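Every position in the sequence shown, counted from 1, becomes a number in my numbering once 883 is added. This report concerns only the one structure given below.
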Amino acid sequence: MTVIDEASLFRACAAGRVPRAQDGEELVVEGSLVRELCRRDREEIDPRGLAIERARIGGDLDLSGMEISFPLRFTDCVFDRPVHLDGADLHMLAFDGCTIPGVMANGLRVRRDLDLSRSHITGDLWTSASTSCSAAVWLCESEIAGFVYDRFDGAWDWRARRDWLRGMVPFDAGPYEQAARVFRRHGHSVEAERLLIEQRRQARRAPSPGGRSPRRVIRNARDLLYGLTVGYGYRPGRVLWLLGALLALVGVMMLSPAVQQTLRATDPRGNVYVVDGRLVTVDDVATPEDGTATAAGRDARPGPCGDGQVRCFDPLFYTVDTVVPLISLGQRATWYPETRSPAGAMVSALLNVAGLLGWLLSTVVVLSFARLARPV
């Protein structure tokens, strides 16, 4: 183990070199030495700044409240304790491939890039950090747990946040939900939903520990269908279009005379009706001799519905009654296709399929709106 002293670290930074350990030994750099070096004048440090590679950072690295005008780069380093950056004003900060037990960075300002590529932050990362307009935040192949923040500085571009989150490896749903909460809290509900949709897509694409098992393939196919139809519950309007198309198809079918000829209705006495009148008469209406019923004061009016014996057929209401199961208009319960002929059997099958599809689509719409009622 090689423990670097302050003089050696200063000479390396002044010359723009990376401090090295002896062959095969671990390099240890105390956090207090890094803090002391950062207090030096800018003219004493090479413009390339402080760069430490493959080292263990011992003790506390506390740069709170400091203004550092040269870059800080830590590559493949392991930190013993959380890094404190509260209120610091930094030129550039990079943790590339580092393992850090936590970062406290409320009020941090980074004038150039903030790079957390391939880094693993095992504890909390609390920050209200901001970057300048010419800076970038790099999180390529990073794994961040507990990343909590309140707002984004600058443009609220959900695509930039999406690309930022895609760079995190392995997949973690938490950062997507945190970003969506921030967008929603600041009035960007549509952008929040797009991030949550992207979260579901990335969850489906993430490799499974058990490999591509048949159960995983079925679940991915179901998830893909759910995403394409209703956008994982955030785009229920897509199903409304499908429901409208199904209503139109069934409506056109019910307007066809060939289809109407297959429909039958039966009154309580067993008389059978078609859409244009009575087909089979079992028993005519007769006035009871016991006087429990009296003849009407007007003559009966012949009609296709037996003057009220059955509910008259209406193509529009029959379509709605078939496709939308949430309401009952009495049409489907009254009129049924006769199934003794091939045409009637086909109409019966098509209506049953339309009813099942309508029930499925209506249920998805209801569940989607119920999902949207819950907070992110």
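Quick reminder that beta carbons are idealized off the backbone N, C-alpha and C, glycines included. For clarity, every value in this text was computed on a predicted model and none was experimentally measured.
Problem set entry | Closer than 8 Å: Val1207 CB and nearest the ligand MN heavy atom | Among the components of this structure there are no ligands whatsoever, and the ligand MN is therefore not found.
For this session: Using the DSSP secondary-structure output, state which residues sit across from Asp945 in a beta bridge.
Result: His967
Exercise. Just how far apart, CA to CA, sit Leu1107 and Thr1222?
Worked result: 38 Å
Exercise. Is it right to say Met884 is buried, meaning 16 or more other beta carbons lie within 10 angstroms of its own, or is it exposed?
Worked result: exposed
Problem set entry | Beta-carbon spacing of Ala1226, Gln1143 below 9 Å | no
Problem set entry | Alpha carbon of Asp969 to alpha carbon of Arg994, nearest angstrom | 15 Å
Exercise. Looking only at C-alpha atoms, which of Met1136, Pro954, Val1158 and Thr1202 sits nearest to Met1229?
Worked result: Met1136
For this session: Would you mind working out which of Arg1088, Leu1244 and Phe1200 sits nearest Arg1049, comparing C-alpha positions?
Result: Arg1088
Exercise. Helix, strand or coil: how does DSSP classify Asp998 here?
Worked result: strand
For this session: Would you mind sorting Leu1199 into buried or exposed? The rule is 16 or more other CB atoms within 10 Å of its CB.
Result: exposed
For this session: Please report how far the alpha carbon of Asn989 lies from the alpha carbon of Leu1111, in whole angstroms.
Result: 40 Å
Exercise. Is the beta carbon of Gly914 sitting closer than 9 Å to the one on Asp945?
Worked result: yes
Exercise. Which of helix, strand or coil does DSSP assign to Leu1107?
Worked result: helix
Exercise. In chain order, what residues of the same chain have a beta carbon less than 8 Å from the beta carbon of Leu916, not counting five sequence neighbours either side?
Worked result: Ile887, Asp888, Glu889 and Leu892
Exercise. Per DSSP, what kind of secondary structure is Leu1209 in: helix, strand or coil?
Worked result: coil
For this session: Report back the beta-carbon spacing between Leu955 and Ala977 to the nearest angstrom; my notes put them in contact at under 8 Å.
Result: 7 Å
For this session: Within its chain, find whatever has a CB closer than 8 Å to the CB of Leu1162; leave out the 5 residues flanking it on each side and keep chain order.
Result: Arg1147, Val1155 and Tyr1156
Exercise. Where are the alpha helix (DSSP H) runs, 4 residues long or more, that stay fully inside the stretch 1043-1128, in chain order?
Worked result: 1056-1068, 1072-1088 and 1097-1113
Exercise. Mapping DSSP to helix, strand and coil, what is Arg992?
Worked result: strand
For this session: To the nearest angstrom, report how far apart Tyr1201 and Tyr1109 are at their CA atoms.
Result: 29 Å
Problem set entry | Euclidean distance between Cα positions of Ile983 and Leu997 | 15 Å
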